Amino acid sequence: MAKITFITSDEETITLEGTSGSVMALAVDNGIPGIDGDCGGVCSCATCHVHVAPEDMEKTGSASEIETDMLELDDNADEYSRLCCQIDITDAIDGVVLKVAK
Amino acid sequence: MKKSEFPDPFENTRESKGYGEMDDQDDPVTMLLRHKDVRKSAHNYKTFQSGATPGRIVIPSEVNIRETRQIPFEVDPPVHGIYRALVEPWFKRPLQPEYQEKLAEQIANIVDEVLQEDSVEVVTDFALKLQSRALTLLLNTPFSESETWISWGTHVFRSEGEALDGDKANILYNYIDAEIERASKNPTGDMYSILLDSEFEGRKLTKEEVKGVMVLTFAGGRDTVINAVTNAIAYLAEHPESLERLRKEPEITGKTVEEMIRYFSPLTQMGRVVTEDTFVCEHAAKADTRVSLCWASANRDAKVFENPNEIVMDRKINPHVGFGFSHHNCLGATHARQIMKILLQTLAEKVGSFEIFDCKENIEDLHHFKRKVGFHSINMKFNPLTK
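Which chain is which? The protein sequence lines are A and B, in order.
Counting in the UniProt record's numbering, the first sequence runs from 1 upward without gaps.
Counting in the UniProt record's numbering, the second sequence runs from 1 upward without gaps.
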């Protein structure tokens, strides 16, 4: 079980709990605004972009090469950017705070 | 070769020099073939613009048959973003459960229909009908409108043996003009009425702007959806183990849809007009010439995709550009993805096997490249699943 907190572009804070699957799927199932997950989680659409809180980067890890390639063309991306379809929900990410990019 | 095999005609040229060249009505095109170049150039709207003469970024060019600017497709940022934000919520409606229920009912009905037949021509009797009926949901217009659209045939611009058909385009434009007039006099909850009531920078959208969005909606999702649907069925017909896998592992359906979009790449390429002298793959691209972003080639780039010429149903990382990339990525993608997902689910649920009798391939002539993009016709039988 992991608690994941999303901060939307309207500064709304929503905390969800999940046990498996991707963070994107959890967000979409719970209607988090700004996370669409159009491609279902295969890293082709970049509609699940989040900024991980700097102190949580150790828990989520940084973006993979393919993610970075997707993100490098997004003007809004920085070193804390992740596509959350590529973050699996495990106990290891309990407590992370993610700021929705869109 | 299997009928559902779609060879990659770009491989050698993509690997050796990275670009191809084709002529198109005396307005030649430099085709970008590599995944990285295609994505970078799609993102760089300042050097590679969409807001050129209407019809010029389409290949084959529609400059001679169209004056209406398609919106937001033929507009560059930042104005593009304003139009896009205006129409995007409408095009995200396919994510709503009630939209998906209606679509599922339409698709179940059409599959039930063809299960009764001894022989079905899938392009006309299945894919065209499915696409036209589903479009009534996207437009929120009466179901009966689909009969008119079905009567237009598979491509609203192209007819047999002729790349561009002005008369056929006029059928569409006249129809849209009439619909806009109707909605202007008697607004309903349909897409025409919603657009006419939309605000753009403090004023209502003009009828010409509404027409631009509607032409894009009709044209962009016509042969692309028809090819995706037909090709997917041809693939499942020749890969019964894949149909079986969708039954046993329905959770991979979404990934299979993405993989089919990558492999089939229903839209081969999209053009841009170069605004300043530049280089692509060390090849000079002069201002006011055209380049194309060749999605179909990028989607087979072995630098990005392992086993690029195979359908890997559960491909986990799949950064394909089948719906384009960056600012102008496909507005209708949400609708198209739902069609494909529900189609695969419905076929897995109802169809036991398929038999292909005969087919006529649709080969695009891209000058130095010949690319199979789908079928002109494919006759098949759908056998019901017996439990």
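Using N, Cα and C, we set each Cβ at its ideal position, and we do this for glycine too.
Because the structure is a prediction, the values reported are computed rather than measured.
Asked: Expected contact under 8 Å - CB spacing of Val123 of chain B and His376 of chain B to nearest Å; Found: 7 Å
Asked: Beta-carbon separation (whole angstroms), Leu196 of chain B vs Leu205 of chain B, contact threshold 8 Å; Found: 7 Å
Asked: Residues near Ser119 of chain B by beta carbon distance below 8 Å, same chain, minus five either side; Found: Phe357, Asn379, Met380 and Lys381
Asked: Per-residue burial, Ala92 of chain A [other beta carbons within 10 Å of its own, 16 or more giving buried]; Found: exposed
Asked: Check whether Asn320 of chain B and Glu238 of chain B have beta carbons under 8 Å apart; Found: Note that residue 320 of chain B is His in the sequence shown here, rather than Asn. The answer is no: Cβ separation not under 8 Å.
Asked: Spatial neighbours of Lys316 of chain B in its chain, beta-carbon cut-off 8 Å, leaving aside the 5 residues before and after; Found: Lys255
Asked: Three-pair Cβ contact test at 8 Å for the stretch 103 to 111 of chain B versus the stretch 62 to 74 of chain B; Found: no
Asked: Cross-chain neighbours of Asp29 of chain A in chain B, by beta carbon under 8 Å; Found: Going along chain B, no residue has its Cβ under 8 Å from Asp29 of chain A, so there is no contact; the nearest lies around 12 Å.
Asked: Cutoff 6 Å; reference Gly41 of chain A; Cβ partners in own chain excluding five residues on either side; Found: Ser22, Met24 and Cys85
Asked: Test item: CB-CB of Gly271 of chain B and Ile57 of chain B under 8 Å; Found: yes
Asked: Closest by C-alpha distance to Glu11 of chain B, when choosing among B:Asn174, B:Lys3 and B:Leu32; Found: B:Leu32
Asked: Validate contact between the stretch 6 to 23 of chain B and the stretch 39 to 54 of chain B using beta carbons, cut 8 Å, 3 pairs; Found: no
Asked: Interface positions of the stretch 292 to 313 of chain B facing chain A (Cβ-Cβ less than 7 Å), listed along the chain; Found: none
Asked: Chain A contact for Glu67 of chain B (CB, 8 Å cutoff); Found: no
Asked: Trp152 of chain B versus Glu282 of chain B: straight-line alpha-carbon distance, rounded; Found: 44 Å
Asked: Residues of the stretch 247 to 277 of chain B whose Cβ lies closer than 7 Å to any Cβ of chain A, in chain order; Found: Gly254, Lys255 and Glu258
Asked: Within chain A, the residues that Ala333 of chain B reaches when beta carbons sit closer than 9 Å; Found: Asp38, Cys39 and Cys45
Asked: Contacting residues, own chain, Cβ-Cβ under 7 Å from residue 389 of chain B (five flanking each side not counted); Found: Any question about residue 389 of chain B goes unanswered here, given that chain B covers just 1 to 387.
Asked: Under 9 Å by beta carbon: chain B residues contacting Val100 of chain A; Found: Here the premise fails: no neighbours, minimum Cβ distance about 16 Å.
Asked: Proximal residues to Thr253 of chain B (C-beta, below 7 Å), its chain only, five neighbours per side dropped; Found: Leu246, Lys341, Leu344 and Gln345
Asked: Closest by C-alpha distance to Leu71 of chain A, when choosing among B:His368, B:His43 and B:Phe369; Found: B:His43
Asked: Neighbourhood of Ile194 of chain B by C-beta distance below 7 Å, restricted to the same chain and skipping five residues each side; Found: Trp90
Asked: DSSP bridge partner residues for His49 of chain A (one or two, in chain order); Found: A:Leu83
Asked: Min CB distance Arg14 of chain B to chain A below 8 Å; Found: no
Asked: The stretch 51 to 62 of chain A in contact with the stretch 326 to 340 of chain B per 3-pair CB rule at 8 Å; Found: no
Asked: Cross-chain neighbours of Ile66 of chain A in chain B, by beta carbon under 7 Å; Found: Ile317 and Pro319
Asked: Nearest candidate by alpha-carbon position, reference Asp223 of chain B, set B:Leu347, B:Ser132 and B:Arg93; Found: B:Ser132
Asked: Chain A contacts made by the stretch 36 to 57 of chain B, where a contact means CB separation under 7 Å; Found: Arg39 and His43
Asked: Chain-ordered neighbours of Arg337 of chain B on chain A, where CB pairs are closer than 9 Å; Found: Asp38, Cys39 and Gly40
Asked: Ala85 of chain B - containing alpha helix (DSSP H), residue span; Found: Val79 to Phe91
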